[in-house]
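Undergrad: Take the sequence shown: its position 282, counting from 1, is numbered 282 in the UniProt record's numbering, and each next residue is one higher. Idealized CB from N, CA, C, for every residue including glycine.
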Amino acid sequence: MRIREYVVFLYRIFLVYLFYAIARGLFIYMNRGLMGDYNTSDLFYYGLAFDNCAIMYTNLLFILLSLLPLWVNTHKKFQKVVFWSYFIPNTIAYATNFIDMAYYPFSKSRLTSASFAVIEHENNKMKIFSSFLGGYWYMFVGFFLLIALWVFLYKRVKNVEVPIAQKKSYFGWSTVFFLGFGTLIMMAIRGGGFTSDTRPINMLDASRHVNTAPQADAILNTPFCLIRSMGKNKGFKEYHFVDEAYINESLKPIKQYNREVATKPNVVLFILESFGKEYWGCMNTKTHIPNFKSYTPFLDSLAQHSLVLDNAYCTGRQSIHGMSSMLAGIPSFQVAYTSSPYVKQPTQSLVSIAKEMGYDTSFFHSAPNGSMGFLGFSNILGFDHYYGKNEYNNDADDDGHWGIWDEPFFQYMCRTYSQKKQPFLGTIFTLSSHHPFQIPKQYESKFPKGNLEIHQCIGYTDYALKQFFECAKKQPWYNNTIFAFVNDHPNQIYYDLYKEPITGKGAAIMFYSPNPNLVPKGVNSDITQQIDIYPSLVDLMGYHKPFRSWGRSVFANLPDETPRAFISDALMYQMMQGNYIYIIDETGKVNGVYKKEDGALKNNLLGKEDNAEIQKGIKDLKAFMQDYMDRIINHKLSLK
1 MRIREYVVFL YRIFLVYLFY AIARGLFIYM NRGLMGDYNT SDLFYYGLAF
51 DNCAIMYTNL LFILLSLLPL WVNTHKKFQK VVFWSYFIPN TIAYATNFID
101 MAYYPFSKSR LTSASFAVIE HENNKMKIFS SFLGGYWYMF VGFFLLIALW
151 VFLYKRVKNV EVPIAQKKSY FGWSTVFFLG FGTLIMMAIR GGGFTSDTRP
201 INMLDASRHV NTAPQADAIL NTPFCLIRSM GKNKGFKEYH FVDEAYINES
251 LKPIKQYNRE VATKPNVVLF ILESFGKEYW GCMNTKTHIP NFKSYTPFLD
301 SLAQHSLVLD NAYCTGRQSI HGMSSMLAGI PSFQVAYTSS PYVKQPTQSL
351 VSIAKEMGYD TSFFHSAPNG SMGFLGFSNI LGFDHYYGKN EYNNDADDDG
401 HWGIWDEPFF QYMCRTYSQK KQPFLGTIFT LSSHHPFQIP KQYESKFPKG
451 NLEIHQCIGY TDYALKQFFE CAKKQPWYNN TIFAFVNDHP NQIYYDLYKE
501 PITGKGAAIM FYSPNPNLVP KGVNSDITQQ IDIYPSLVDL MGYHKPFRSW
551 GRSVFANLPD ETPRAFISDA LMYQMMQGNY IYIIDETGKV NGVYKKEDGA
601 LKNNLLGKED NAEIQKGIKD LKAFMQDYMD RIINHKLSLK
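1) Start and end of the alpha helix (DSSP H) containing Leu60?
2) Is the beta carbon of Ile533 sitting closer than 7 Å to the one on Pro563?
3) Measuring CB to CB, does residue 710 end up less than 7 Å from Ser250?
4) If you draw a straight line from the alpha carbon of Ser85 to that of Ala328, how long is it in whole angstroms?
5) Could you tell me which residues DSSP puts in a beta bridge with His385?
6) What are the partner residues of Ala484, as DSSP defines its beta bridges?
7) Provide the residue(s) that pair with Arg564 in DSSP beta bridges, ordered along the chain.
8) Determine, using beta carbons only, whether Thr96 and Thr222 come nearer to each other than 7 Å.
9) Can you tell me whether Asn379 is helix, strand or coil according to DSSP?
10) Just the C-alpha distance for Ala245 and Glu586, rounded to the nearest angstrom, thanks.
11) In this structure, does DSSP put Phe171 in helix, strand or coil?
12) Rounding to the nearest angstrom, what Cα-Cα distance links Phe410 and Phe364 in this structure?
13) According to DSSP, is Gly322 part of a helix, a strand, or is it coil?
14) For Lys77, which of Glu161, Asp406 and Ile330 has the nearest alpha-carbon?
15) Can the beta-carbon of Met625 be found closer than 7 Å to that of Tyr573?
16) Tell me, to the nearest whole angstrom, how far the beta carbon of residue 645 is from that of Tyr478; I am working on the premise that it is less than 8 Å.
17) In the structure shown, what three-state DSSP assignment does Thr195 receive?
18) Along the chain, which unbroken stretches of the beta strand (DSSP E) at least 3 residues long are found entirely within the segment 292-319?
19) To the nearest angstrom, how far is the alpha carbon of Tyr412 from that of Ile493?
20) Find out if the Cβ-Cβ distance for the pair Gly506, Lys286 is shorter than 7 Å.
21) In the DSSP assignment, what residue or residues form a beta bridge with Asp398?
22) Taking all protein chains shown into account, decide if Ile584 is buried (16 or more other Cβ within 10 angstroms of its Cβ) or exposed.
23) Which residue from Ile92, Phe236 and Pro265 puts its Cα closest to that of Pro341?
24) Put Val593 into one of helix, strand or coil per three-state DSSP.
25) Check this for me: beta carbons of Asn159 and Val8, under 7 Å apart or not?
26) Mind listing, in chain order, the continuous beta strand (DSSP E) runs of no fewer than 3 residues lying wholly within the segment 432-492?
27) Over what stretch of residues does the alpha helix (DSSP H) that includes Gly142 continue unbroken?
28) Run through DSSP, which three-state label would Asn90 get?
29) Note down the Cα distance separating Met139 from Leu26, rounded to an integer number of angstroms.
30) Out of Trp405, Pro436, Leu540 and Gly426, state which residue places its alpha-carbon closest to the alpha-carbon of Gln467.
31) Which same chain residues, not among the five before or five after Arg228, have their C-beta less than 7 Å away from its C-beta?
32) At a cut of 8 Å, does the segment 351-365 reach the segment 592-606 through at least three beta carbon pairs?
33) Please report the residue range of the beta strand (DSSP E) in which Phe424 lies.
34) Hey, Cys282 and Gln530: beta-carbon distance below 7 Å or not?
35) Determine the extent of the beta strand (DSSP E) in which Val523 is found, giving its start and end residues.
36) Just the C-alpha distance for Thr198 and Arg190, rounded to the nearest angstrom, thanks.
What follows is the structure, given as structure tokens:
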């Protein structure tokens, strides 16, 4: 019998579970402001199924070496091999949990294999990593201290080298234990039994037990998410919920507007990196947050002459999602369209329509060319020109981490527009309001530091925008230009309101033109979304042909175009429409119905309230899921 060996083996496996539990506790503590109301014991209990799977996958070699009858199982040299087969994979897997603790407040979802698309095209990966390491040094210190404790506890209980006295008994009991534990391993990896009605658990299953995405993410662990998403094209499959007639009538994915314009206007779209809605004063006049402080004085002043959309929502979670949302009207859900094999297809977009209308089209981003995947996607959309760090060609203005500071790059963009033939469409993805949250040294005491590291960076980019407009208003193209502003996604959060699952995904959208005939001024509090920017600008440009868009023009106000928002989430499909918020999983199961005011998702009305509006809302979200998948999978993103 190998009783002591089995006791030592189970002790070592127990340690893995213990340290996964510690990691979950730290994750919950660090993101407690995003969790809402939750039962801590439930998060740990339901998390065990996902820990089982991840732990068994990462410890397969260790388990085999520990359980197989190899005659030398208790020898010191063999135990060293066992030690490294245990700690190498476990240390790597455990580290991903700590990376996620730092990354989660920005991404609002666990890391998956698709997450690496964000840095895939970065040329300065080591610089980014060193910046990340410097910014979150305490996380890495905590990680290594826990690993040291883990090694210490591992070595406290050791195998004793013993000779094999009875080989038949040794091999017999070893085989029984190995087969028994092997069955348990398979059950753990699947997350349940072997009956025909069970299937291996996936990330979606975490949402069965809780109401909000952050709570589901607390149940999950990062190694599990990486393993389950690796090499898979999850998130894209065809649905058959409704007929095409219903889609065309209720969803209206083909839009057409008839606005007459005297002269084709220029269009400049600012996609503002990490400019969360909570930083803007003009977006919070109705939130009634006590002692609210704005960090966007210039944008707030410009808002007095603009159309402000103060009830808008994000249709993406990462920067590249924002690019597809604003320019092509394509939101992102479990797996981003831009990270999928379907991205390289003809796609009707703001860019393709502008080119059809004779516009010069340009994309500006001051990072090294190719960063964030922007160059690749801009080529797919068909921009005539890409202006990056290479074209700027002056490293003296480099911030040392990501690229050229916003202020000098905005001035470069202003000069570049003045060299172009009108009409032109220009899009810039700003850069400086980003971790490690630094600003140029000459401005270190100019902007309020606020309560979060990002606040002074927001102030700097807001100032850079002011300087851009000082340049632009002197140019001949200025008075015939429409300017649009939108954040790509939220970032650091200070106010409790923006820690809520739905409210926290608010978008800040604003349209401005010095020519009042091009853009009306005022505040629009209808439900809007980032993908409404594309059809809105197409409408203002005077395009009269049909085009594909799941969003709507906020300027057309057509009665058959329902205000709605498809709010991006890594696990669920979420839609706000009318008086309700609807949440449906990837199988089509309705997980929740909430009042639109319930941004914290506290009171699930599913099974408690039912009416014609709720029934239609559920059907409309399913119609969108069906049309979204059909057009992406079957290459229907362009009408030509």
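TA: Here's the rundown:
1) Leu60 -> alpha helix (DSSP H) spans Leu60 to Leu67.
2) Contact annotation: Ile533 and Pro563 have beta-carbon atoms that are not nearer than 7 Å.
3) In the structure displayed, the chain extends from 1 to 640; residue 710 sits before or after that span and is not available.
4) The alpha-carbon atoms of Ser85 and Ala328 are separated by roughly 47 Å.
5) In the DSSP secondary-structure assignment, His385 is bridged to Ser362.
6) Beta-bridge pairing links Ala484 to Leu269 and Phe511.
7) When DSSP reads this structure, Arg564 sits in a beta bridge with Gln577.
8) Yes, the Cβ-Cβ distance between Thr96 and Thr222 is below 7 Å.
9) Asn379: helix per DSSP, three-state reduction.
10) Ala245 and Glu586: Cα-Cα distance of roughly 22 Å.
11) Residue state, collapsed to three classes: helix.
12) Taking the straight line joining both Cα atoms gives about 9 Å.
13) In the structure shown, the three-state DSSP call for Gly322 is helix.
14) Out of Glu161, Asp406 and Ile330, Glu161 has the C-alpha closest to the C-alpha of Lys77.
15) Contact annotation: Met625 and Tyr573 have beta-carbon atoms nearer than 7 Å.
16) Residue 645 is absent from the structure shown; the chain starts at 1 and stops at 640.
17) Bear in mind that the predicted position of Thr195 carries a pLDDT of just 41, short of 50, making it unreliable; the figure below should be weighed with that in mind. In this structure, Thr195 counts as coil in the three-state DSSP scheme.
18) For the segment 292-319, whole beta strand (DSSP E) runs of length 3 or above, ordered along the chain, are 306-313.
19) So the two alpha carbons sit approximately 32 Å from each other.
20) Not closer than 7 Å, so no.
21) The partner list for Asp398 (beta bridge, DSSP) reads Ile404.
22) A residue is called buried once 16 or more other Cβ atoms fall within 10 Å of its Cβ, and Ile584 is buried on that count.
23) Each of Ile92, Phe236 and Pro265 was checked against the Cα of Pro341, and the nearest Cα belongs to Phe236.
24) Residue state, collapsed to three classes: strand.
25) Taking 7 Å as the Cβ cut-off, Asn159 and Val8 qualify as a contacting pair.
26) Here the runs fully enclosed are 481-487.
27) Trp137 to Arg156 is the span of the alpha helix (DSSP H), which, as asked, contains Gly142.
28) In the three-state reduction of the DSSP assignment, Asn90 falls in the helix class.
29) Met139 and Leu26: Cα-Cα distance of roughly 10 Å.
30) Relative to Gln467, the option among Trp405, Pro436, Leu540 and Gly426 whose CA is nearest is Trp405.
31) Excluding residues up to 5 positions away in sequence, Asn202 and Met203 lie with their Cβ nearer than 7 Å to the Cβ of Arg228 in the same chain.
32) No contact exists between the segment 351-365 and the segment 592-606.
33) For Phe424, the uninterrupted beta strand (DSSP E) run begins and ends at Phe424 to Phe429, by DSSP.
34) Going by C-beta atoms, Cys282 is not nearer than 7 Å to Gln530.
35) That run of the beta strand (DSSP E) goes Gly522 to Asn524.
36) Bear in mind that a pLDDT of 46 at Thr198, under 50, signals an unreliable position, so the number given afterwards is only what the model happens to contain. Looking at the two C-alpha atoms, the distance is approximately 9 Å.
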